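Read through the structure below, which is laid out as structure tokens, and then see the notes.
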Amino acid sequence: MSRTADVIIIGSGVIGCAAAYYLAKKGTSVIVLDKDENIGNGGSARNGGGVRQSGRDPRELPLAMYAVNNLWPTLSEELGVNVEYHKEGNLRLGKTEHHLEILQGLTDRATACGLDVRMIDGAEVRAINPYLSDEVIGASWCATDGHANPLMTTLGYYRAARRLGVQFYTGEEVIELQTIKGKARRVITKKNVFEGEKIIVAAGYESRWILESAGIDIPMSKDLIEALVTEAEPKMFPQMLGTADADFYGHQTNHGSFVFGGASGFETVNKDNGHNMTSSITAPCICRGIMKYIPKLADAKIVRTWAGYEDVSVDGVPVIGEIREIPGLIVACAFTGHGFGISPIVGTLLAEIAREEKTTLDLSTFRYDRFKAVI
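Here the sequence shown stands for residues 0 to 374, where the numbers follow numbering that gives the first Met the number 0.
Shown next, in the form of structure tokens:
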């Protein structure tokens with residue numbers, strides 16, 4: 000295996016694998032590095048699978064809408080893997096007037112950007128999903144939202160990239176980025192030295208420390224989010240669910256199991272030990288919320304719980320694009336838990352940037368240099 004390629008990608012999550020695939024599809028040689036021994040073992044293996052446009056910051060909406068309209072519908076066929084994509088709507092639920100105010104604000108901002116999303120009352124909520132309780136007094140409804148399987152999507156991009164010649168090195172912890180004559184050129188790991196004409200850093204929260212070795216700091220923090228999966232249940236509903244207060248979010252899978260995520264507010268005191276450990280507090284907290292919204296799941300058995308970190312941007316939207324101070328260095332991080340649904344278009348855009356092509360969408364709002372101190 001070579002240690003030199005046109006593009007070096009750091010991070011084998013869904014975005015890194017997607018970028019590798021779209022680059023290789025155009026004939027660009029690519030090496031992907033990850034410190035973990037397993038592909039996609041960060042946020043890509045630990046998220047709820049939402050493919051949604053609603054509830055997003057307006058700056059992200061063009062990416063989400065493009066992905067839903069142009070990339071997700073044919074992704075399974077393109078990758079040769081069933082990514083279990085369902086475009087059957089997203090209900091974001093409210094139980095109080097305050098919840099409805101939050102949802103109305105999100106809806107107003109989204110419709111102003113051209114998204115077809117609307118507020119509905121409790122009766123219409125239950126007409127769409129009869130399993131929801133009478134406590135739900137309203138919701139936002141986006142019929143073109145949906146969900147997919149994060150593991151299968153990441154695996155699909157990985158396999159497709161491998162077929163096109165992309166080399167993947169796991170167990171390679173990056174310790175430094177090096178420039179030659181002012182241009183990003185080398186990636187130093189604990190084991191090896193890799194060289195490329197372009198370097199893409201897409202390693203979640205770890206991106207911050209990797210970029211710091213080149214003098215670049217992305218203002219972001221990490222948030223521990225937990226998830227759970229139930230035993231298979233009879234088919235109930237196809238929609239993605241969320242709530243105004245983010246009590247929980249989730250959906251029913253093709254297998255019949257439900258995957259739900261959420262938080263208890265105690266994440267910052269959880270033990271970590273480098274293994275993204277769950278707590279005994281969060282899963283029961285998520286379950287109590289679920290039972291209030293979906294009483295029929297009160298007796299559903301929990302099979303497994305897991306935890307993972309979101310890379311949270313200080314202003315709520317990701318950093319995507321070139322680092323102008325260091326030619327050849329490209330970044331995609333700080334997705335704030337919103338990265339999976341836009342991963343196909345982000346991978347496409349990263350490939351275009353690395354190949355110095357005109358990008359499909361304008362990325363100026365995601366520039367690294369948007370962060371400025373207030374004087």
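Backbone N, C-alpha and C fix where the C-beta goes; we use that ideal spot for every residue, glycine too.
None of the values given here were measured: they were computed from a predicted structure.
The alpha-carbon of Asp-310 is positioned some 7 angstroms away from that of Cys-332.
DSSP places Asn-89 within a strand segment (E or B) once states are collapsed to three. Counted as a single uninterrupted DSSP element, the alpha helix (DSSP H) harbouring Ala-122 occupies residues 121 to 127.
Within 10 angstroms of the beta-carbon of Trp-208 lie fewer than 16 other beta-carbons, which makes it exposed. Taking C-beta atoms as the reference points, Tyr-292 and Val-124 fail to come closer than 8 angstroms. The DSSP assignment places 166 to 169 as complete runs of the beta strand (DSSP E) inside the stretch 150 to 174, in order along the chain (cut-off: 3 residues). In this structure, Ser-43 sits near Thr-153, with a CB-CB distance shorter than 8 angstroms. Residue pairing for Ala-306: DSSP places it in a beta bridge opposite Glu-225. Spatial neighbours of Arg-161 in its own chain (CB-CB distance under 8 angstroms, excluding positions within 5 residues in sequence) are listed in chain order as Phe-167. In the assembly as shown, Ile-179 is an exposed residue. Its beta-carbon has fewer than 16 other beta-carbons within 10 Å.
When Cβ pairs closer than 8 angstroms are counted between the two stretches, the stretch 21 to 37 is seen not to touch the stretch 101 to 111, the count staying below three.
In the DSSP assignment, Leu-99 falls within the unbroken alpha helix (DSSP H) covering 96 to 111.
Cβ neighbours of Gly-49 within its own chain (closer than 6 angstroms, five residues either side excluded): His-146, Met-239, Gly-340. Between Arg-51 and the set Thr-347, Gly-336, Phe-370, Leu-348, the nearest pair of CA atoms involves Gly-336. Contact annotation, Leu-227 with Ile-174: C-beta distance approximately 35 angstroms; criterion of less than 8 angstroms not satisfied.
A straight-line Cα-Cα distance of about 12 angstroms links Val-186 and Gly-327. For Ala-350, the three-state secondary structure derived from DSSP is helix. Here DSSP, grouped into helix, strand and coil, assigns Leu-114 to coil. Fewer than three beta-carbon pairs drawn from the stretch 253 to 262 and the stretch 89 to 105 are found closer than 8 angstroms, and the two stretches are therefore not classed as touching.
The C-alpha of Met-235 is placed about 8 angstroms away from the C-alpha of Tyr-130. Across the set Thr-277, Asp-246, Ile-215, Lys-371, the C-alpha of Ile-215 shows the shortest separation from the C-alpha of Ile-322. Residue environment: Lys-34 is assigned as buried (16 or more neighbouring CB atoms within 10 Å of its CB, all protein chains considered).
DSSP places Ile-329 in the strand class (E or B) of the three-state scheme.
In this structure, the straight-line span from the alpha carbon of Tyr-204 to that of Gly-10 is close to 11 angstroms. Cβ-Cβ separation between Ala-350 and Glu-225: approximately 33 angstroms, too far for a contact (criterion under 8 angstroms). Under DSSP, the beta-bridge partners assigned to Gly-320 are Val-330. DSSP, read as helix, strand or coil, puts Glu-59 in coil. With contacts defined as CB atoms closer than 8 angstroms, Tyr-21 and Thr-347 qualify as a contacting pair. In this structure, Ala-183 and Ile-325 form a Cβ contact; the two beta carbons are roughly 5 angstroms apart against a cut-off of 8 angstroms.
Assignment of beta-bridge partners to Phe-259 by DSSP yields Leu-227, Gly-249.
In the displayed model, Thr-335 falls within coil according to three-state DSSP, outside both helix and strand. Scanning its chain for C-beta atoms nearer than 8 angstroms, with the 5 sequence neighbours on each side dropped, one finds around Tyr-248 the residues Gly-47, Gly-49, Met-239, Leu-240, Gly-241, Thr-242, Phe-259, Gly-260, Gly-261, in chain order. Taking a contact as a CB-CB distance under 8 angstroms, the pair Val-345 and Gly-195 does not count as one, their CB atoms being some 19 angstroms apart. Within a 10 Å sphere around the beta-carbon of Glu-36 sit fewer than 16 other beta-carbons, which makes this residue exposed.
Measuring C-alpha to C-alpha distances from Arg-303 to each of Ser-278, Ala-138, Leu-360, Val-316 identifies Ser-278 as the nearest.
DSSP places Ile-7 in no alpha helix (DSSP H) but in the uninterrupted beta strand (DSSP E) bounded by 3 to 9.
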